[in-house]
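Below is one structure, written out as structure tokens, with a few remarks after it.
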Amino acid sequence: MVDPFGCRYRFVHLHLGDGWRQYRLHRCREGRDGRTAVIDLSAFSLEGKTVMVTGANTGIGQGIAVSIGRAGGRVIGVGRSSMDETAALLTEIGAAFVGVKADLGSTQAAQAMFDAVWAEHGPIDGLVNNAGIIKRADAVDFTEADWDEVMDINLKSMFFLCQSLGKKALEAGRGAQIVNISSMLSFQGGIRVASYTASKSGVLGITRLLANEWAAKGINVNSIAPGYIETNNTEALRADPDRSASILGRIPVGRWGVPSDIGDAAVFLLSRASNYMHGAVIPVDGGWLAR
Numbered sequence: 001m002v003d004p005f006g007c008r009y010r011f012v013h014l015h016l017g018d019g020w021r022q023y024r025l026h027r028c029r030e031g032r033d034g035r036t037a038v039i040d041l042s043a044f045s046l047e048g049k050t051v052m053v054t055g056a057n058t059g060i061g062q063g064i065a066v067s068i069g070r071a072g073g074r075v076i077g078v079g080r081s082s083m084d085e086t087a088a089l090l091t092e093i094g095a096a097f098v099g100v101k102a103d104l105g106s107t108q109a110a111q112a113m114f115d116a117v118w119a120e121h122g123p124i125d126g127l128v129n130n131a132g133i134i135k136r137a138d139a140v141d142f143t144e145a146d147w148d149e150v151m152d153i154n155l156k157s158m159f160f161l162c163q164s165l166g167k168k169a170l171e172a173g174r175g176a177q178i179v180n181i182s183s184m185l186s187f188q189g190g191i192r193v194a195s196y197t198a199s200k201s202g203v204l205g206i207t208r209l210l211a212n213e214w215a216a217k218g219i220n221v222n223s224i225a226p227g228y229i230e231t232n233n234t235e236a237l238r239a240d241p242d243r244s245a246s247i248l249g250r251i252p253v254g255r256w257g258v259p260s261d262i263g264d265a266a267v268f269l270l271s272r273a274s275n276y277m278h279g280a281v282i283p284v285d286g287g288w289l290a291r
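See the structure below:
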């Protein structure tokens, strides 16, 4: 086929994110030089890269793991519970997956896990700090135990896993990509989630600090702030007609997000297409923060 400019083209189908998409591959000849224009998406490929994803057993973490696999990367999934479902999804698309059980509430255990994975499976090119928990109570009733548990997993383990990869990468003189999952509550206060709000605000602060220290050394540190995503954690909200309608009423796109929305953004930040991004946060929220 020929386009209006005299360039021959054909349709190609590429699997990106959550499905197959159609693109036109152009071959244009101009004069005697025979110049050719083609679509090149190699900058977004994770082929040959190994990426560790925490909290990969379900929800957003699972969606990120699958998107990485679709982009050609090998996934090291870390979590406290079984990752059989995630493993099956990655096997189905022909992607490599290694599941690791670990207690990220213990800094020592998390660092030991990271070192063991590096020793057994080779260098880790990317890290997605997704694991997180939330505890709900009025501020006047919030307990120290609930505060500490959330901060240990959401913020403390995130920092020390970043440190573990940073040390290895700097010692080896190699680059790395780190993506820290923050939240809408990195920008807003929320209610009845004191430790969660504090931890997710801290995620952005640490992301920027590490970017300042490591950008010139070839380590990219960025963040994704998810909006309201369809996961098991939001099932109760989605099942409540009044709450769901209230939430959707503020989202300009008019729908809940899906895990692959976050996964596709993570693929971008893990690829060389984002090489000039450091200390950035990408809200993937359907426009929530724009309201």
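Under full-length UniProt numbering, residues 1 to 291 are what the sequence shown spells out, in order. A virtual CB, placed ideally from N, CA and C, is assigned to each residue, including glycine.
- DSSP, reduced to helix, strand and coil, places lysine 101 within a strand of the structure shown.
- Comparing alpha-carbon positions, the option among Ala110, Asn129, Arg255 and Met277 lying closest to tryptophan 288 turns out to be Arg255.
- Rounded to whole angstroms, the gap between the alpha carbons of valine 253 and alanine 280 is 23 Å.
- Secondary-structure assignment with DSSP links leucine 269 through no beta bridge to anything.
- When C-alpha distances from glutamine 111 are compared across Thr54, Phe97, Leu270 and Ser81, the shortest belongs to Thr54.
- Within the model, the alpha-carbon separation for alanine 265 versus arginine 74 is close to 17 Å.
- Inter-segment contact for the segment 82-93 and the segment 57-66 is present: three or more beta-carbon pairs are separated by less than 8 Å.
- Comparing alpha-carbon positions, the option among Leu210, Ala239 and Asp141 lying closest to serine 164 turns out to be Leu210.
- Counting only runs of at least 3 residues, the segment 166-196 fully encloses the following beta strand (DSSP E) elements, listed from N- to C-terminal order: 176-181.
- Beyond the five residues adjoining it in sequence on each side, glycine 189 comes within less than 7 Å, by CB distance, of Thr197 in the same chain, given in chain order.
- The closest CA to that of aspartate 146, considering only Val179, Asp115 and Gly105, is found on Gly105.
- Proximity of the segment 166-177 to the segment 134-143 falls short of the contact definition, fewer than three beta-carbon pairs being nearer than 8 Å.
- In the DSSP assignment, the residues bridged to serine 223 are Asn180 and Val281.
- In summary, leucine 41 is exposed, with fewer than 16 beta-carbon neighbours lying within 10 Å of its beta-carbon over all protein chains present.
- Under the DSSP assignment, arginine 243 falls in the alpha helix (DSSP H) whose first and last residues are 241-250.
- Fewer than three beta-carbon pairs drawn from the segment 267-286 and the segment 89-97 are found closer than 8 Å, and the two stretches are therefore not classed as touching.
- Taking the C-beta atoms as reference points, methionine 52 is found nearer than 7 Å to isoleucine 76.
- If you check the CB distance, alanine 71 and leucine 46 come in under 7 Å.
- Asparagine 57 sits in coil when the DSSP states are folded into three classes, being neither helix nor strand.
- Secondary structure note for valine 78: its beta strand (DSSP E) is the uninterrupted segment 74-79.
- A residue is called buried once 16 or more other Cβ atoms fall within 10 Å of its Cβ, and threonine 143, having fewer, is exposed.
- Around the beta-carbon of lysine 200, 16 or more other beta-carbon atoms lie within 10 Å, marking it buried.
- In this structure, the straight-line span from the alpha carbon of serine 195 to that of threonine 50 is close to 32 Å.
- Where leucine 89 is concerned, the enclosing alpha helix (DSSP H) starts and stops at 84-92.
- For leucine 127, the beta-bridge partners assigned by DSSP are Met52 and Ile178.
- Here the alpha carbons of arginine 250 and leucine 170 stand approximately 43 Å from one another.
- Serine 182 places its beta carbon 7 Å or farther from that of alanine 215.
- DSSP, read as helix, strand or coil, puts glycine 205 in helix.
- Per DSSP, alanine 110 is one residue of the alpha helix (DSSP H) stretching across 107-121.
- Using a 10 angstroms sphere on the CB of glycine 205, the tally of other CB atoms stays under 16, which defines it as exposed.
- The segment 152-161 makes no contact with the segment 219-239: fewer than 3 CB pairs, one atom from each, lie closer than 8 Å.
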